[in-house]
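Enquirer: Residue numbers (full-length UniProt numbering): 1 to 306. Dropping the structure in here first, questions after.
See below:
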């Protein structure tokens, strides 16, 4: 009766739901990590930037990441509808149509690249465009449904934002920027595969050749250990090359030991169905803290240097 007496009372919730559906297309949880690592790169880069321009740079990177997420969901709507983890996303849930998601992603992507170029510099804008295209074309459209190495090569998409952030400040991409790129690139497989071990059935049902589906749990755990062993030395490289102080280097070594201990536990686990807070879930959660602390240590190192 209350709704009939005041039909407009349902309007705000409808508008809020629409806003939330578009926001969900941006993959906000993924965007948060992208923003953080890019912001750290901007602080670590040499040179000074006006706070307003720094805000514009971060905004462009965030919007570009959101555009890539929207275009990813546009292309993968069929997969998302099959998988339990993604079935409630706006497109498979029927809350938005694919043309809407496509237009939304294209407008945001084009706008973010143009704004980065006009407000900051075209080197940063170029790498921002590369990051979008790599995620949408190389990872989503080309690799994901064809090879179990999809997340390995596709991990570069999540690493490009640090290049964008650095270039936004300095206009170039020196060795340290590419080391930060390599850290995220090598971090992505153990981080993602630790989660993928829990979703093997979902990926199998959707026909996505993720490593746990094509090569099994034991091989996935071995690959996690292998990539972790490659990751840790790279995180220490800035200090060994004289690009960062030992305050950062000590943090990288400490975090690296902790990461390797967890990776070894994953490798030694023989459970056929990972569940609960086992080694895989522990590594997945720690990997997020690991990356945040590592980049935070680099920022602290740069700010504390004379």
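Glycine included, C-beta positions come from ideal geometry on N, C-alpha and C.
Measuring CB to CB, does residue 139 end up less than 8 Å from residue 157?
Expert: In this structure, residue 157 lies closer than 8 Å to residue 139 by Cβ.
Enquirer: By a C-beta neighbour count over all protein chains shown, 10 Å radius and 16 as the cutoff for buried, is residue 297 buried or exposed?
Expert: Buried, since its Cβ has 16 or more Cβ neighbours within 10 Å.
Enquirer: Report buried or exposed for residue 61, applying the criterion of at least 16 other Cβ atoms within 10 angstroms of its Cβ.
Expert: Its Cβ being crowded by 16 or more others within 10 Å, residue 61 is buried.
Enquirer: Going by other Cβ atoms of all chains shown within 10 Å of its Cβ, with 16 needed for buried, is residue 104 buried or exposed?
Expert: By the 10 Å Cβ count, residue 104 comes out buried.
Enquirer: At which residues does the alpha helix (DSSP H) containing residue 223 begin and terminate?
Expert: Segment 211-240, the alpha helix (DSSP H) holding residue 223.
Enquirer: Enumerate in chain order the residues of its own chain whose CB-to-CB distance from residue 120 is below 8 Å, with the five nearest sequence positions on each side excluded.
Expert: For residue 120, where only same-chain residues beyond five positions count, the Cβ hits under 8 Å are 53, 56, 57, 60 and 168.
Enquirer: Taking its Cβ as the centre, do 16 or more other Cβ atoms sit within 10 Å of residue 48, making it buried, or is it exposed?
Expert: Exposed, since its Cβ has fewer than 16 Cβ neighbours within 10 Å.
Enquirer: Let's test the definition: count the other Cβ atoms within 10 Å of the Cβ of residue 46 and tell me whether it reaches 16, buried, or not, exposed.
Expert: Exposed, by the Cβ-count rule.
Enquirer: Residues in the same chain with beta-carbon distance under 7 Å from residue 222, minus the five sequence neighbours each way, listed in chain order, please.
Expert: Taken in chain order, the residues that qualify are 267.
Enquirer: Do residue 98 and residue 127 have their C-beta atoms closer together than 8 Å?
Expert: Not a contact, by the Cβ cut-off of 8 Å.
Enquirer: Here's the rule: buried if 16 or more other CB atoms are within 10 angstroms of the residue's CB, otherwise exposed. What is residue 286?
Expert: Residue 286 is buried by the Cβ-count criterion.
Enquirer: If you run the structure through DSSP and keep just helix, strand and coil, what is residue 367?
Expert: In the structure as shown, the chain begins at 1 and stops at 306. Residue 367 is therefore absent and cannot be evaluated.
Enquirer: Whole angstroms is fine: what's the gap from residue 107's alpha carbon to residue 115's?
Expert: When rounded, the distance between both Cα atoms is 12 Å.
Enquirer: Measure how close the beta-carbons of residue 230 and residue 180 come, nearest whole angstrom, since I'm counting them as under 8 Å.
Expert: No, residue 230 and residue 180 are not in contact; Cβ-Cβ is about 15 Å, not under 8 Å.
Enquirer: Would you mind stating whether residue 211 and residue 193 have Cβ atoms separated by less than 8 Å?
Expert: Yes. Within cutoff.
Enquirer: Taking the alpha carbon of residue 95 as the reference point, which residue from 111, 24 and 40 has its own alpha carbon closest?
Expert: Selected option, being the one with the closest Cα: 24.
Enquirer: Alpha carbon to alpha carbon, how far is residue 101 from residue 224?
Expert: Looking at the two C-alpha atoms, the distance is approximately 34 Å.
Enquirer: What does the alpha-carbon distance come out to for the pair residue 32 and residue 293?
Expert: C-alpha separation (whole angstroms): 15 Å.
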